[in-house]
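Chemist: One line per chain: the protein sequences are A and B, in this order.
Heads up, the first sequence is in the numbering used here, so the first residue is 613 and it goes up one at a time.
Heads up, the second sequence is in the numbering used here, so the first residue is 31 and it goes up one at a time.
A virtual CB, placed ideally from N, CA and C, is assigned to each residue, including glycine.
These numbers were taken from a predicted model, which means no experiment stands behind them.
Let me give you the structure first, and then I'll get to my questions.
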Amino acid sequence: MEAQGALALAIGLVGLGLWTVLVRRNLVWKLLGLNVAGGGAILFLVALAHREKAGPALEGVPGPHVDPLPQALVLTAIVIHFAVLALALVYVIFLSERRHTQDVRKLEETCPTRWPES
Amino acid sequence: MKVLGGLGIVGLVVLLVWLTWSCFPLGELPPWEEATAAWGSKNAVAAIVLGARLWDTLFEVLVYALAIAGVALAAGSLGTKAVLPPLPETPLLHLAVALLLGPIGVFGLYVAVSGHLGPGGGFPAGALVGSGLLLLALARGTRGLTPGWAGGAWETGKFAVTGAILLLGLGVLVLGARGEPVLVGLNVLIALEVALGAWVVLREFAHVRGEM
């Protein structure tokens, strides 16, 4: 039952993060939302690895073990998550230095090469 | 637009819940002990990350190095702002750093070296040492660490470590070597790489803030 609870929380976090990305107009808030959604995805994978009354997938640990494959996947995902977030933050700083705003709507309105109207 | 997006997200959540719940009950694990022992490891995660899926890990290391290089490149073109007020310095932080930095470093090394025997590995160890460095920068201020601690040598070291990981990993893959020394070497190098990357990010952000 713990796994289902964690999975529900993870799916909720993904939904919340995506909602923030969609609704907020500030780029920093969008990145925060993306971070929350990414945390939800990581929690989702870790929760999928869970088994009833399971211990870590180590030799010599008695009883059932958790699934090591999603855990190995998550290990690298966390580090990439951090690096990509840092990169995105630098570009937000870059934009707000040049254009003096973090509001996507203002950025779009004052864009020198606007997207063609559809 | 908002309504459409909200509906889309609700639909996505419902789809995820439906697909996830159809996975239950989750199946039994195939026997993994022998396969793990064949890689010279007791930790199944280490055997996957540094053994069966070493290609993935190598490319992950490459992506990490590229992202950090992107941070350094983009932040370098930003220039330095006017000096912002420095973070407040308290004797509490100074004392905490003096007490904690050594144990954090030793624990990080322990987690990296014993990653194939128990919980741990290069990535958590690198995150540990990186947060130790963050604590150091918070307490002393990055200005206090210049230039000995904050020179460009860190970036060079980072790329040297990345190159070493790629070379060692490719060598292991081509030669088909297995065993404990390979795992320990890769784990320690990955820990160094992650910690150095975290330090480069910290340094670049402090640079943009005008603290250096």
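For leucine 59(B), does the three-state DSSP call read helix, strand or coil?
Modeler: Translated into the one-based positions of the second sequence, residue 59(B) becomes position 29. Coil.
Chemist: Does any CB atom of chain B fall closer than 8 Å to the CB of tryptophan 641(A)?
Modeler: For the purposes of this step, residue 641(A) is taken as residue 29 along the first sequence, with counting starting at 1. No, no contact with chain B.
Chemist: Does lysine 188(B) come within less than 8 Å of chain A when only Cβ atoms are used?
Modeler: Along the second sequence, one-based indexing puts residue 188(B) at 158. Not an interface residue.
Chemist: In its own chain, which residues sit with a C-beta less than 7 Å from the C-beta of asparagine 638(A), not counting the 5 before and 5 after it?
Modeler: Along the first sequence, one-based indexing puts residue 638(A) at 26. Within the same chain, asparagine 638(A) has close Cβ partners Gln714 and Asp715.
Chemist: Locate the alpha helix (DSSP H) running through phenylalanine 235(B), then write down its first and last residues.
Modeler: For the purposes of this step, residue 235(B) is taken as residue 205 along the second sequence, with counting starting at 1. Its alpha helix (DSSP H) spans residues 210-239.
Chemist: For glycine 187(B), which of Ala99(B), Val214(B), Val204(B) and Lys32(B) has the nearest alpha-carbon?
Modeler: Translated into positions along the second sequence, residue 187(B) becomes position 157. When only C-alpha atoms are compared, the closest one is Ala99(B).
Chemist: Can we say the region 685-705 of chain A touches the region 624-631 of chain A, given the rule of at least three CB pairs closer than 8 Å?
Modeler: Contact between the region 685-705 of chain A and the region 624-631 of chain A is absent, because fewer than three Cβ pairs lie under 8 Å.
Chemist: Taking one C-beta from the region 120-137 of chain B and one from the region 205-213 of chain B each time, how about it: are there three or more such pairs within less than 8 Å?
Modeler: Verdict: no, contact absent.
Chemist: Which two residues bound the contiguous alpha helix (DSSP H) that contains alanine 698(A)?
Modeler: Translated into positions along the first sequence, residue 698(A) becomes position 86. Where alanine 698(A) is concerned, the enclosing alpha helix (DSSP H) stretches over 680-711.
Chemist: Suppose you measure from the CA of alanine 659(A) to the CA of tyrosine 140(B); what does that come to, to the nearest Å?
Modeler: As a working mapping, residue 659(A) is identified with position 47 in the first sequence. As a working mapping, residue 140(B) is identified with position 110 in the second sequence. For alanine 659(A) and tyrosine 140(B), the distance between alpha carbons rounds to 27 Å.
Chemist: May I have the straight-line CA-CA distance separating glutamine 683(A) from leucine 42(B), to the nearest angstrom?
Modeler: Counted from its first residue, the first sequence places residue 683(A) at position 71. Counted from its first residue, the second sequence places residue 42(B) at position 12. Those two C-alpha atoms are separated by around 24 Å.
Chemist: Kindly indicate which three-state DSSP category histidine 677(A) falls into: helix, strand or coil?
Modeler: Translated into positions along the first sequence, residue 677(A) becomes position 65. Residue state, collapsed to three classes: strand.
Chemist: DSSP three-state call for glycine 667(A): helix, strand or coil?
Modeler: On the first sequence, residue 667(A) is found 55 positions in, with the first residue counted as 1. If DSSP states are grouped into helix, strand and coil, glycine 667(A) belongs with the strands.
Chemist: Assuming leucine 232(B) and leucine 131(B) are in contact, meaning their beta carbons sit under 8 Å apart, how far apart are those beta carbons, in whole angstroms?
Modeler: Taking the second sequence and counting its residues from 1, the one referred to as residue 232(B) is at position 202. Taking the second sequence and counting its residues from 1, the one referred to as residue 131(B) is at position 101. The pair is not a contact, with the Cβ atoms about 15 Å apart (cut-off 8 Å).
Chemist: In whole angstroms, what separates the C-alpha of proline 680(A) from that of glutamate 721(A)?
Modeler: Here residue 680(A) is taken as the residue at index 68 of the first sequence, counted from 1. Here residue 721(A) is taken as the residue at index 109 of the first sequence, counted from 1. The straight-line gap from Cα to Cα measures roughly 49 Å.
Chemist: Checking 8 Å against the spacing of the C-beta atoms, do proline 160(B) and alanine 97(B) come in under that value?
Modeler: Counted from its first residue, the second sequence places residue 160(B) at position 130. Counted from its first residue, the second sequence places residue 97(B) at position 67. Per the sequence shown, the amino acid found at residue 160(B) is glycine instead of proline. No, these two residues do not count as a Cβ contact at 8 Å.
Chemist: Under 8 Å between C-beta atoms, does proline 738(A) make it to chain B?
Modeler: Lying before the first or after the last residue shown, residue 738(A) is absent from chain A, which here runs from 613 to 730.
Chemist: Please classify lysine 718(A) as buried or exposed, where buried requires at least 16 other C-beta atoms within 10 Å of its C-beta.
Modeler: Within the first sequence, residue 718(A) is the residue found at index 106, counting from 1. Exposed.
Chemist: Run through chain A and tell me which residues come within less than 7 Å of tyrosine 140(B), C-beta to C-beta.
Modeler: Start at 1 with the first residue of the second sequence, and residue 140(B) comes out as number 110. Simply none; closest approach about 16 Å.
Chemist: Using a C-beta cutoff of 8 Å, does histidine 693(A) count as contacting chain B?
Modeler: As a working note, residue 693(A) is residue 81 in the first sequence. False, the Cβ-Cβ gap to chain B never drops below 8 Å.
Chemist: Verify the contact flag: alanine 183(B), CB atom, against every heavy atom of the ligand HEM, threshold strictly below 7 Å.
Modeler: With respect to the ligand HEM, the structure shown offers nothing to examine, as it has no ligands at all.
Chemist: Does the Cβ of serine 730(A) have 16 or more other Cβ atoms within 10 Å, making it buried, or fewer, making it exposed?
Modeler: Start at 1 with the first residue of the first sequence, and residue 730(A) comes out as number 118. Legend: pLDDT at serine 730(A) = 48, less than 50; position of this residue unreliable, value from coordinates given subsequently. With fewer than 16 other Cβ atoms within 10 Å, it is exposed.
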